[in-house]
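Counting from 1, position 96 in the sequence shown corresponds to residue 97 in the numbering used here; the numbering is continuous, with no gaps.
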Amino acid sequence: MQVNFILLLIVSIFIAIFAIQNGDTVTIDLFFFQGEMSQALVILASVGLGALVTVALSTFGKIKRLRNIKSLNKQIKALEGEKTTLVTQSENLEKENVDLLQINSDLKSELGTSEEKIKELSTRPVPKTVVEVKEKNSVPVDGEEQTD
């Protein structure tokens, strides 16, 4: 900031020296205006108008950049909110995944235990069921033959 100010001061001094050294009267012809003025005033007026145009254009550029910054800040806030939501969802899914892995592990161990019980039961001799015993000991009804 100070460097810009120093450069602006140096350029202004050079312009003032140039204007003072060229102080002759000149004829100005601009559209419907015609007149005579000091060349120094013409130079200073031209520099002043150039500075005003530069300030005006840079102000419009600053306003445009500020609007853009404001819009981008709104987007940042929205994205940060979305990020927070997604992080929370991710944490919940991680917890759910851990719970599901634990349930899966429990079910696998239960399955292994059940398979062992099934093997144990399949190696035992099968007791005769009540129905088989009744059928073997049943007496044939009239007209039926007993088959063995």
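A virtual CB, placed ideally from N, CA and C, is assigned to each residue, including glycine.
Is it true that the CB of residue j sits closer than 8 Å to the CB of residue i?
{"i": "S39", "j": "G49", "result": "no"}
{"i": "V43", "j": "V27", "result": "yes"}
Less than 7 Å between C-beta atoms, sequence neighbours within five positions excluded: which residues of the same chain meet that for residue i?
{"i": "L45", "result": "A20"}
{"i": "L80", "result": "none"}
For residue i, collect the residues of the same chain with a Cβ closer than 6 Å to its Cβ; drop the 5 residues on either side in sequence, then sort them by chain order.
{"i": "I29", "result": "G36, M38"}
{"i": "A52", "result": "none"}
Hey, how far is the Cα of residue i from the Cα of residue j?
{"i": "L101", "j": "G62", "result": "57 Å"}
{"i": "E111", "j": "R125", "result": "21 Å"}
{"i": "R68", "j": "N74", "result": "10 Å"}
{"i": "L58", "j": "K65", "result": "11 Å"}
{"i": "E117", "j": "I104", "result": "20 Å"}
{"i": "T114", "j": "K84", "result": "44 Å"}
Excluding sequence positions up to five away, which residues of its chain have a Cβ less than 8 Å from the Cβ of residue i?
{"i": "A41", "result": "A20, I21, N23, G24"}
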